[in-house]
Structures are given as structure tokens and as C-alpha cells.
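Enquirer: Protein chains in written order, with the working numbering: chain A, 17 to 210; chain B, 17 to 210.
Ideal placement from N, C-alpha and C gives every residue a C-beta, glycine not left out.
Computed from a predicted structure; not experimentally measured.
1. For the alpha helix (DSSP H) that residue 108 (chain B) lies in, which residues bound it at each end?
2. Beta carbon of residue 142 (chain B), beta carbon of residue 171 (chain B): below 9 Å?
3. Kindly confirm or deny that the segment 72-91 of chain B and the segment 28-40 of chain A touch, where touching means at least three C-beta pairs closer than 8 Å.
4. Short check: CB of residue 122 (chain B) to CB of residue 144 (chain B), under 9 Å?
5. Residues of chain A with CB under 7 Å from residue 70 (chain B), in chain order?
6. Name, please, each residue of chain B whose Cβ falls closer than 8 Å to the Cβ of residue 34 (chain A).
7. Quick one: is residue 90 (chain B) near chain A, going by C-beta distance under 9 Å?
8. Can you check DSSP and say which residues form a bridge with residue 118 (chain B)?
9. Going along the chain, which residues of the segment 74-100 of chain B sit with their C-beta nearer than 7 Å to a C-beta in chain A?
10. Does residue 17 (chain A) come within less than 9 Å of chain B when only Cβ atoms are used?
11. Between the alpha carbons of residue 136 (chain A) and residue 186 (chain A), how many angstroms are there, rounded?
12. Note down, in chain order, each residue of its chain lying with its Cβ closer than 7 Å to the Cβ of residue 88 (chain A), except the 5 sequence neighbours on either side.
13. Could you tell me which chain B residues have their CB closer than 9 Å to the CB of residue 66 (chain A), listed as they occur along the chain?
14. On the criterion of 16 or more Cβ atoms from any shown chain inside 10 Å, does residue 106 (chain B) qualify as buried, or is it exposed?
15. With distances taken Cα to Cα, identify the nearest neighbour of residue 161 (chain A) among A:127, A:24, A:190.
16. Hey, residue 175 (chain A) and residue 165 (chain A): beta-carbon distance below 9 Å or not?
17. From residue 191 (chain A) to residue 199 (chain A), what does the alpha carbon distance come to, in whole angstroms?
18. Identify each residue in the segment 102-134 of chain A for which the Cβ-Cβ distance to at least one residue of chain B is less than 7 Å, and report them in chain order.
19. At which residues does the alpha helix (DSSP H) containing residue 40 (chain B) begin and terminate?
20. Beta carbon of residue 76 (chain B): closer than 8 Å to some heavy atom of the ligand GDP?
21. Can you give me the C-alpha to C-alpha distance between residue 156 (chain B) and residue 39 (chain A), rounded to a whole angstrom?
22. Check the DSSP bridge columns for residue 71 (chain B) and list the partner residues they point to.
23. Keeping to the same chain, check which residues put their C-beta closer than 8 Å to that of residue 203 (chain B); ignore five residues upstream and five downstream.
24. Tell me, please, whether the CB atom of residue 60 (chain A) is closer than 9 Å to any CB atom in chain B?
25. Per DSSP, what kind of secondary structure is residue 131 (chain B) in: helix, strand or coil?
26. Verify whether the separation of the beta carbon atoms of residue 41 (chain B) and residue 59 (chain A) is less than 9 Å.
27. Ends of the alpha helix (DSSP H) at residue 150 (chain B)?
28. What residues of chain A sit near residue 197 (chain B), judged by a beta carbon separation below 8 Å?
29. How about residue 205 (chain B): is its C-beta nearer than 9 Å to some C-beta of chain A?
30. Would residue 91 (chain A) pass as a contact of residue 67 (chain A) if the rule is Cβ separation under 9 Å?
31. I'd like the list of long-range same chain contacts for residue 85 (chain A), defined as Cβ closer than 8 Å, with 5 residues on each side in sequence excluded.
Shown next, in the form of C-alpha cells:
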């Protein structure tokens with residue numbers, strides 16, 4: 017027998033979140049039903065509120081509640097770390113030591129999906145390179161990420177700016193036995209003295 | 017650097033859902049930010065709506081939008097399947113063949129956590145046993161679930177009603193090599209002819 021319509025609707029909403037299947041969505045929906053009235057209303061309000069208050073930083077394209085984000089306002093603008101998505105900024109900030117700013121492309125080049133340079137937040141990157149000493153490419157180490165890094169490097173290097181990218185190799189805590197060939201061969205080529 | 021307040025708030029809301037850790041909550045919150053305005057508002061409305069419209073069926077205690085649920089209204093009330101939580105009804109309904117009704121206890125007996133019979137939806141179960149031929153205990157095969165099943169069985173059997181419980185054994189598709197001893201010994205004891 018079908019579940020009540022309002023529950024099915026909420027299950028479908030949860031299914032639209034990344035990586036959420038039917039059973040997980042069901043579990044979330046039931047958890048909402050069992051929340052206190054205040055918590056559920058707060059949850060709904062927080063969803064609406066985030067859409068109303070969060071916009072893109074006009075300098076770097078990251079999420080912010082102001083015109084420019086905290087990072088662009090307060091940090092060293094002579095080093096720019098280029099990432100594909102806002103979530104990558106969160107990951108980079110977790111390492112704690114980076115003092116420069118970011119630039120969020122909101123995607124990577126993908127000719128097959130019709131995403132060329134004009135669909136990405138690239139123009140504003142080129143417009144903020146005055147006085148920049150280094151641009152760090154922190155796109156994913158996959159085909160699209162690599163292509164994007166190489167494309168931007170070719171645009172930026174001729175301006176006399178240093179362009180670097182994150183080192184590739186085996187992950188900490190991973191097992192050489194299970195490392196894929198590409199990762200292992202890159203780690204072998206880039207081996208360092210100890 | 018900290019993320020905008022409204023994003024942190026939403027991340028915390030998602031963390032209150034079962035099984036959601038910091039990274040997953042972050043991922044969900046960012047997905048909401050990237051939803052269309054209409055989808056986000058719809059999501060918020062569906063959360064509020066489910067709290068407003070869903071209540072407990074006055075017969076079985078399952079979630080419903082009416083006074084009594086569809087299952088209690090339409091199906092064979094001479095067989096009652098007793099489950100701990102509304103989500104267990106969904107799991108049982110997936111098998112498709114069951115024609116009887118349910119009774120949702122909203123918990124299991126747990127003296128250590130202070131959950132005795134009075135905290136569970138037991139009184140209304142005893143009040144609907146007139147004309148019932150069989151009560152099927154479908155609580156989890158763990159200590160609390162077993163204790164609850166045995167407790168109810170001792171209350172109900174003396175009324176001349178058949179009380180059964182779900183068979184225990186090795187799961188379909190599981191591996192005998194990895195089955196725990198209790199499961200394997202229960203499956204051995206309850207072995208059947210082929």
C-alpha cells in the first residue's frame with residue numbers, strides 16, 4: 017500500500033540530493049516526521065534562508081553572504097588557488113596552512129557536455145591577475161580537470177606568472193597493492209629524495 | 017576561514033539526520049544552494065507540510081494523513097503484524113504478499129533506557145485483539161526486539177490467539193563463512209527438509 021502523499025513528496029526531495037537512494041531518502045523523511053515541530057520548521061527555514069542570503073563573491077565566485085567573501089577581503093591576493101567547485105574551497109581550507117585567495121570556476125572544461133571556457137568563471141580570473149605571483153591549479157586529477165588546468169596555464173603563463181598544480185602521487189594511508197597504474201606511475205616518476 | 021553562517025546552519029540541520037556526518041551534510045547543503053529557487057522553496061514547504069499533515073493512525077500508530085491509515089481501513093484485521101517503527105511497515109510492505117494490518121509500537125522495551133510497556137503503543141494493541149486470529153511479531157532479532165516479542169507473546173497467547181514471529185536464519189545472498197555464530201546456530205537448529 018502506498019505511503020501518504022506528503023511523505024512520498026518529501027522522500028522525492030531527499031532523493032534529489034547527491035548520493036541519496038530510495039532507502040536513505042525514506043530514512044531521512046521519517047527522521048523529519050519524528051523531529052520536533054520547532055526543529056522541522058527551523059530546517060525548512062534554514063533551507064529557504066540559505067537560498068536567499070548566499071550569493072557568489074564577485075571576485076572569486078565562491079559562496080558568500082556579502083558582495084565579496086571573507087577570504088578575498090582578508091587574505092593575500094598575490095596567490096590564487098583555482099578550484100572547480102565551492103566545495104573544493106572547503107577541502108583546501110581544511111589543510112589550514114594556505115594564506116592566499118581562491119578562484120572558483122564552477123565547472124571544468126568539457127567539450128562533450130558543451131562546457132567551453134565561456135561557460136566557466138574564467139574571464140573574472142584573467143581580470144584579477146594584476147600583481148599576482150602564483151596561480152595554483154587545484155582541479156581534480158581527471159581528464160576534465162587536467163584539461164582545464166592545462167588550458168588556464170597556457171593563458172596565464174605567458175603573462176609571466178608562475179602556474180603550479182597540486183602534486184600527484186599515492187594517497188596517505190592508501191595501499192600500494194591497490195593503487196591504480198596511472199597513480200602509481202605518476203608517483204614513481206615524481207619520486208623524491210628522502 | 018569559516019563558511020557563511022546560513023550555510024553552517026543548514027549543514028547542522030542535515031547533520032541531525034540519521035547517519036549523516038560532517039562531509040555528507042556539507043555536500044547536501046551545497047546541493048541545496050545549487051538548486052533552483054523553486055526546488056529549494058518546494059523542499060522547505062514539503063518539510064513543513066509533512067509535519068502538518070502526517071499524524072499517527074489511531075488504530076495502529078503508523079503514519080497517516082487521516083484518522084485511520086489506508087491499511088487499517090482496507091485490509092484483513094484478523095492478522096496483526098507488530099513492528100517497532102513506522103519504517104518497518106515500509107520494509108514489510110515491500111514483500112508484497114501480506115494482507116493483514118500492522119501495529120506500530122514506536123520503540124522496544126529497554127529497561128536500561130527507561131522504556132517500559134507504558135512508553136510503548138501497547139495498550140491500543142490489546143484493545144484491538146477482538147476477532148484476531150494471529151499476531152505476528154516482527155521486531156528486530158536483537159535483545160530488545162526479542163524481549164519485546166516475548167513480553168507481548170506472554171500477554172496475548174493466554175487470550176487464545178496464535179502468536180508467531182519472523183523466522184531467523186541466514187540471509188539470502190549472505191555467505192556462511194561470514195555469518196556470526198548466533199545466526200548460524202539458530203539457522204542450524206531451525207533447519208528444514210528439502
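Expert: Quick answer:
1. Counting along the chain, the alpha helix (DSSP H) containing residue 108 (chain B) begins and ends at 102-111.
2. For residue 142 (chain B) and residue 171 (chain B), yes; Cβs fall inside 9 Å.
3. no
4. no
5. For a Cβ distance threshold of 7 Å, residue set 20, 22, 23, 49 of chain A lies close to residue 70 (chain B), ordered along the chain.
6. 43, 44, 47
7. yes
8. B:97
9. 79, 80, 81, 86, 87
10. yes
11. 30 Å
12. Around residue 88 (chain A): 73, 75, 76, 117.
13. Annotation: Cβ neighbours of residue 66 (chain A) in chain B (cutoff 9 Å, chain order): 20, 22, 23, 25, 26, 45, 48, 49, 56.
14. buried
15. Per the Cα distances, A:127.
16. no
17. 12 Å
18. 102, 103, 106, 109
19. 38-49
20. In the structure on display, the ligand GDP does not appear, and there are no ligands present to speak of.
21. 18 Å
22. B:80
23. 184, 185, 186, 195
24. yes
25. strand
26. Their beta carbons are not under 9 Å apart, which means residue 41 (chain B) does not touch residue 59 (chain A) by this criterion.
27. Note, residue 150 (chain B): premise wrong, no alpha helix (DSSP H); beta strand (DSSP E) at 150-153.
28. Simply none; closest approach about 28 Å.
29. Taking CB atoms only, residue 205 (chain B) has no neighbour in chain A less than 9 Å away.
30. Contact check for residue 91 (chain A) against residue 67 (chain A) fails: the beta carbons are separated by 9 Å or more.
31. 73, 75, 76, 78, 79
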